[in-house]
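What follows is a short report on a single structure.
Protein chains in written order, with our numbering: chain A, 57 to 341; chain B, 1218 to 1337; chain C, 475 to 761.
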């Protein structure tokens, strides 16, 4: 089983790249100049397609698919990103949130009202939260052509079909995921997201945005198996400074697949929340 | 035989642990599976637990997100009606027969982690 | 031939020519197209048929796939069940009784009322569009309704049936220019329409997608469920390309009202916007 897992990982990493090329490139820092070894679409744009997982580093013992007709898990692999904590176990650096004084009070209040997180009620996570899922559990499938880059998120079956024609945002439009307009700047996909409806939180710890949120995202394929994701979140009525986020998405072995996450259909936890946490039930001592 | 890995922690997004369950009320429930629903966002095991008084009570056991469990090898066939299991977890704050499963021990003695982030 | 008779012959020919020149009806057109099958454009690999675009079924089969008389501004619909020929789903007797009960309770029991995903094949013919996403080796459908999506996997590997899914598990292959998709592992909680037509977890669907024109996809679903239906049956309908400039799949989420009833609220609806309420945010408390 372990040999097969290793082979799958190596196979995914090497792809069509020769061993010689790989060893030569691994010595260099991620290049800024156009990288000739990146997979590309016919128009020349880097091919971002595949199944990707936000990862603290490496694969966390993921399921690698069925060999004998049954589903089984690969043993070993590193542990996850920690129990929901950002930056634990060597993960990406935690973003800094610098709130206005009124928004800080609101944020501390929301921290006590964590059950009100709209994601707990199966709402769309918004941007960039859909990609910034904790502990590397829910992958995202990217499908791309010359006109759009589509992100199909496992979490909440969230979908963002991003046109890459730098078209303008609509008026009178307020959405959970906002409105995304993409353009290529060299080998970087730049996405401008606005038109949010002010209902999303940034995480489970009460960090939030309002309807004035604006996000500028950058997706850069560093190598065949790594996308560098950077996001600048501004919201002048909530934060005094923009928030910078950065993490990598690693390619998931080809044998894996995205799974359905049907949240509303099976949600049964909220009914047990007690009054002290804003629920309907009384706490029994 | 499906291998159920127990050495990887699926630290799932779990909003409700602190709002729903009580760290101060650990519970061990030994009983029979009535139903195993592998649904999102949390799986649910319905189990009949015989009490010391001879009466049987039915419990609803909440597991972590099934997609993570599936990637560890769990399926809807991993637990069948009639299976004997022992659940170590924490009781719901609202006093109902609801618990969060930190660990499930199967009839053959294998222990499987079934809880989520926030479950000690 | 007298001149009058000649005129009559000429007029007769003109009329006949006119009749033959009238654009053929839907069914005749399909017969004509079947004689000369439409050849779709290809993706950039030069071989995969290109089904990309935004598509939508017309008509109101989503109300009742066995047909319904319409009313209250709702257009009537004929059955889209093409086999058996009487247009009725071949339920087993006890299953038919359950369908009748679903029908009586449809105003409250329809899972779509709770904004649950529509399932397969219902998601194909609901009243909102879908988008087919493709690239060589990738095929997925995004449904506007409740932002459901299905990634179609090559049928070289078995169904991922670790649990029962709302949108099923789909394994597909190309048969010439037709996409054939095998769908299994579906929950028994989804309905086939608003009329309470239903299935068990033994539900199994073979879908066929075939472009019959630049702007039409003929959709067929062969359906079987040995627990609920006495025999397999087939439904068929057409997806039409949405051609308005700027057309796209719109985000679709539901909001719960004070009574716990969920409503689809469009992003263009100002009720979707939750404006910051700075008066509600407490002023910072100095320690």
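Don't be surprised by glycine CBs; every beta carbon is placed ideally from N, CA and C.
On the three-state DSSP scale, how would you describe residue 1247/B?
-> The residue you call residue 1247/B lines up with position 30 of the second chain. Here residue 1247/B sits in strand by DSSP.
In chain B, what lies closer than 8 Å to residue 708/C by C-beta?
-> Residue numbering aside, residue 708/C sits at position 234 when the third chain is read from its first letter. Simply none; closest approach about 29 Å.
For residue 1293/B, which residues in chain C fall below 9 Å Cβ to Cβ?
-> For the purposes of this step, residue 1293/B is identified with residue 76 of the second chain, where counting begins at 1. For residue 1293/B, the chain C residues whose Cβ falls inside 9 Å of its Cβ are 635, 636, 637, 638, in order along the chain.
Grouping DSSP H, G and I as helix and E and B as strand, with all else coil, what is residue 551/C?
-> Translated into positions along the third chain, residue 551/C becomes position 77. DSSP places residue 551/C in strand when its eight states are reduced to three.
Does DSSP classify residue 184/A as helix, strand or coil?
-> Here residue 184/A refers to the residue found at position 128 of the first chain. Annotated three-state conformation of residue 184/A is coil, per DSSP.
Do you know offhand how far residue 261/A's Cα is from residue 184/A's?
-> Counting from 1 along the first chain, the entry for residue 261/A is found at position 205. Counting from 1 along the first chain, the entry for residue 184/A is found at position 128. Spanning the two alpha carbons is a distance of roughly 15 Å.
DSSP-derived helix/strand/coil call for residue 1337/B = What you label residue 1337/B is simply residue 120 of the second chain in a count that begins at 1. Because the pLDDT at residue 1337/B is just 42, under 50, the model does not fix this residue reliably, and the value given afterwards should be weighed accordingly. Correct three-state label for residue 1337/B: coil.
Where residue 542/C and residue 552/C are concerned, what is the direct C-alpha to C-alpha distance, given to the nearest angstrom?
-> As a first step, residue 542/C must be located in the third chain, where it is residue number 68. As a first step, residue 552/C must be located in the third chain, where it is residue number 78. So the alpha carbons of these two residues sit roughly 7 Å apart.
Are any of the Cβ atoms in chain A nearer than 7 Å to that of residue 1285/B?
-> Here residue 1285/B is taken as the residue at index 68 of the second chain, counted from 1. Yes, residue 1285/B counts as interfacial toward chain A.
Would you say residue 254/A reaches chain C, if we count a Cβ-Cβ gap shorter than 7 Å as a contact?
-> The residue you call residue 254/A lines up with position 198 of the first chain. The C-beta of residue 254/A comes closer than 7 Å to at least one C-beta of chain C.
Looking at chain C, which residues of the stretch 1243-1264 of chain B have a Cβ within less than 8 Å of any of its Cβ atoms?
-> 1255, 1256
May I have the straight-line CA-CA distance separating residue 630/C from residue 590/C, to the nearest angstrom?
-> The residue given as residue 630/C occupies position 156 in the third chain. The residue given as residue 590/C occupies position 116 in the third chain. Going by the C-alpha atoms only, they are around 30 Å apart.
Please work out which residues of its chain come closer than 8 Å, Cβ to Cβ, to residue 226/A, disregarding the five sequence neighbours upstream and downstream, and give them in chain order.
-> In the first chain, the residue the question calls residue 226/A occupies position 170. Closer than 8 Å at the Cβ level, and outside the excluded window around residue 226/A, lie 235, 251.
Which residue comes first and which comes last in the beta strand (DSSP E) that contains residue 649/C?
-> Here residue 649/C refers to the residue found at position 175 when the third chain is read from its first residue. Counting along the chain, residue 649/C sits inside the beta strand (DSSP E) bounded by residues 643-649.
Comparing the C-beta of residue 213/A with each C-beta of chain C, is any distance below 7 Å?
-> Position 157 of the first chain, counted from the first residue, corresponds to residue 213/A. It does; some Cβ of chain C falls within 7 Å.
So, is residue 279/A buried or exposed, given that buried needs 16 or more other C-beta atoms within 10 angstroms?
-> For the purposes of this step, residue 279/A is taken as the residue at position 223 of the first chain. Its Cβ being crowded by 16 or more others within 10 Å, residue 279/A is buried.
Is DSSP giving residue 238/A helix, strand or coil here?
-> Against the first chain, residue 238/A aligns to sequence position 182. Reduced to three states, the DSSP call for residue 238/A is strand.
Which chain A residues sit within Cβ distance under 7 Å of residue 1313/B?
-> The count along the second chain starts at 1 and reaches residue 1313/B at position 96. Result: 328.
Using DSSP with H/G/I as helix, E/B as strand and the rest coil, what is residue 1324/B?
-> As a position in the second chain, residue 1324/B is number 107, starting the count at 1. Note: residue 1324/B maps to coil in three-state DSSP.
Please confirm whether residue 1253/B and residue 1296/B have their CB atoms less than 7 Å apart.
-> By 1-based counting over the second chain, the position of residue 1253/B is 36. By 1-based counting over the second chain, the position of residue 1296/B is 79. In this structure, residue 1296/B lies closer than 7 Å to residue 1253/B by Cβ.
Who are the Cβ neighbours of residue 291/A in its own chain at under 8 Å, not counting the five residues just before and after it?
-> Counted from its first residue, the first chain places residue 291/A at position 235. If you ignore the 5 residues before and after residue 291/A, its C-beta comes within less than 8 Å of the C-beta of 265, 266, 268, 269, 270, all in its own chain and listed in chain order.
Tell me, please, whether the CB atom of residue 98/A is closer than 7 Å to any CB atom in chain C?
-> Here residue 98/A refers to the residue found at position 42 when the first chain is read from its first residue. So yes, residue 98/A belongs to the interface.
Using a Cβ-Cβ cut-off of 7 Å, state whether residue 741/C counts as contacting chain A.
-> Sequence index remark: in the third chain, residue 741/C carries index 267 (1-based). With 7 Å as the cut-off, residue 741/C counts as an interface residue toward chain A.
Below-7 Å beta-carbon distance, residue 1325/B vs any chain A residue = Against the second chain, residue 1325/B aligns to sequence position 108. Output row for residue 1325/B: interface = no.
Could you tell me whether any Cβ in chain A is nearer than 7 Å to the Cβ of residue 1181/B?
-> It is not possible to answer for residue 1181/B, since the shown part of chain B is limited to 1218 through 1337.
With a cut-off of 7 Å, does the C-beta of residue 222/A fall near any C-beta of chain C?
-> Numbered from 1 along the first chain, position 166 holds the residue referred to as residue 222/A. Not closer than 7 Å to any Cβ of chain C, the Cβ of residue 222/A fails to qualify, so no.
When the cut-off is 7 Å and only beta carbons count, does residue 1297/B lie next to chain A?
-> Translated into the one-based positions of the second chain, residue 1297/B becomes position 80. Contacts with chain A at 7 Å (Cβ-Cβ) do not include residue 1297/B.
Note down, in chain order, every chain C residue with its Cβ under 7 Å from the Cβ of residue 194/A.
-> Against the first chain, residue 194/A aligns to sequence position 138. Within chain C, no residue comes near residue 194/A; the closest Cβ sits about 14 Å away, beyond 7 Å.
Simplified DSSP state of residue 574/C, which is helix, strand or coil | As a position in the third chain, residue 574/C is number 100, starting the count at 1. Residue 574/C: helix per DSSP, three-state reduction.
Enclosing alpha helix (DSSP H) for residue 582/C [first to last residue] = The count along the third chain starts at 1 and reaches residue 582/C at position 108. Run containing residue 582/C: 580-583, per the alpha helix (DSSP H) assignment.
Chain A contact for residue 1237/B (CB, 7 Å cutoff) | Taking the second chain and counting its residues from 1, the one referred to as residue 1237/B is at position 20. Judged by the 7 Å Cβ criterion, residue 1237/B is in contact with chain A.
Please go through the same chain and pick out, in chain order, the residues whose beta-carbon is closer than 6 Å to the beta-carbon of residue 274/A, but skip the five residues on each side of it.
-> Here the question's residue 274/A lines up with position 218 in the first chain. Cβ neighbours of residue 274/A beyond the five flanking positions: 244, 246, 286.
C-alpha distance - residue 1259/B paired with residue 1248/B, whole-angstrom precision | The residue you call residue 1259/B lines up with position 42 of the second chain. The residue you call residue 1248/B lines up with position 31 of the second chain. Approximately 20 Å between the Cα atoms of the pair.
On the three-pair Cβ rule with 8 Å, is the stretch 198-214 of chain A touching the stretch 686-702 of chain C?
-> no
Starting from residue 1305/B and walking both ways along the beta strand (DSSP E), at which residues does that stretch end?
-> Along the second chain, one-based indexing puts residue 1305/B at 88. It spans 1301-1309 - the beta strand (DSSP E) in which residue 1305/B sits, taken as one unbroken run.
Alpha-carbon spacing of residue 80/A relative to residue 104/A, whole angstroms = Taking the first residue of the first chain as position 1, residue 80/A is located at position 24. Taking the first residue of the first chain as position 1, residue 104/A is located at position 48. Residue confidence for residue 80/A is low, a pLDDT of 40 falling below 50, so the modelled location carries little weight; the figure read from the coordinates is stated next. Roughly 23 Å between the two C-alpha positions.
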